[in-house]
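In the UniProt record's numbering, the protein residues as written are 1 to 283.
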């Protein structure tokens, strides 16, 4: 829009407002108010959908604390003194900082020297023995998972809109175990159930087909990527975020990393797959 067109548009609107009666103005205000209410509802629904998708994808959720009821004080004591003060000893030279020696890390290589690939991800076989809806989040399941550790892990999954609770009970699936534990609406999640997500936002847990009985805690590996997983992934290093784009379900329903199928160490004939999806993301 040129400056002349903008001026003409503003002039027309001013003339329209000048010639409008009170009833027309009141009607316009009501229309705008209703539109604002509708837009707020749409924004709220989109935010909720985004949070659900982020939870399913494994992104951590952070909730800001409620604002304090107490107003911020205006006393001088609460404001830091940022004025420049003259040094008591202007002629004294400052000594250069001395770097402190860094102690050697245990286990050989530093974390930054390790390759960023699927070998860093600790994925194991687990069985959901208990599941219930999260008391404070409609889209979340709270699962108790047996991974052969002698105690149950709590895992929270955003699968309520996608998987009936009956199918969650007794599910034998693959769980990521070295994410940093995080509280989701007051309940700590100690892992993530690995699922496939297609272009239509359908989500389903990966399943394991095996001719023999599975071993709880059996670890996933990918041929060509040796190494032991991190004890716990450091959130700032973004290892999972870098590996995730190459974790996909292929055209034969198989769970893969860079096109190579996932395998189980103690069950080499087991097949890890998405039951119904093809060419889908894994998270």
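Think of the CB as a built atom: it goes at the ideal place given N, C-alpha and C, for glycine as much as any other residue.
Within the DSSP bridge table, the entry for residue 260 names 257 as partners.
Less than 8 Å separates the beta-carbon of residue 158 from that of residue 139. Residue burial annotation: residue 52 is buried, with at least 16 other C-beta atoms found within 10 angstroms of its C-beta. Distance from residue 160 to residue 145 at the Cβ level is roughly 17 Å; contact not present, criterion being Cβ atoms closer than 8 Å. Counting C-beta pairs closer than 8 Å gives fewer than three between the segment 218–234 and the segment 273–281, which falls short of the contact rule.
Residue 179 has no beta-bridge partner at all, per DSSP. Judged by pairs of C-beta atoms under 8 Å, the segment 166–180 touches the segment 128–142, as three or more such pairs exist.
If you check the CB distance, residue 210 and residue 269 come in under 8 Å. Following the DSSP letters along the chain, one finds residue 239 inside the alpha helix (DSSP H) bounded by residues 239–243. For the pair residue 142 and residue 118, the Cα-to-Cα distance works out to about 26 Å. Classified as exposed, residue 183 has fewer than 16 neighbouring CB atoms from the shown chains inside 10 Å of its CB. Residue 226 sits exposed, since fewer than 16 C-beta atoms from the chains shown fall within 10 Å of its C-beta. Following the DSSP letters along the chain, one finds residue 265 in no alpha helix (DSSP H), marked with neither H nor E. In the three-state reduction of the DSSP assignment, residue 202 falls in the coil class.
According to the DSSP assignment, residue 273 belongs to the beta strand (DSSP E) that extends over 271–273. Counting the other Cβ atoms within 10 Å of the Cβ of residue 191 gives 16 or more, which makes it buried.
The Cβ atoms of residue 253 and residue 203 lie no closer than 8 Å to each other. Of the residues assessed, residue 50 falls on the exposed side of the cut-off, its CB having fewer than 16 other CB atoms within 10 angstroms.
With a cutoff of 8 Å on beta-carbon distance, residue 257 and residue 246 are scored as near each other. Taking 8 Å as the cut-off, the beta carbon of residue 229 is found closer than this to the beta carbon of residue 120. Of the residues assessed, residue 181 falls on the exposed side of the cut-off, its CB having fewer than 16 other CB atoms within 10 angstroms. In its chain, beyond the 5 residues on either side, 178, 180 have a beta carbon closer than 7 Å to the beta carbon of residue 232.
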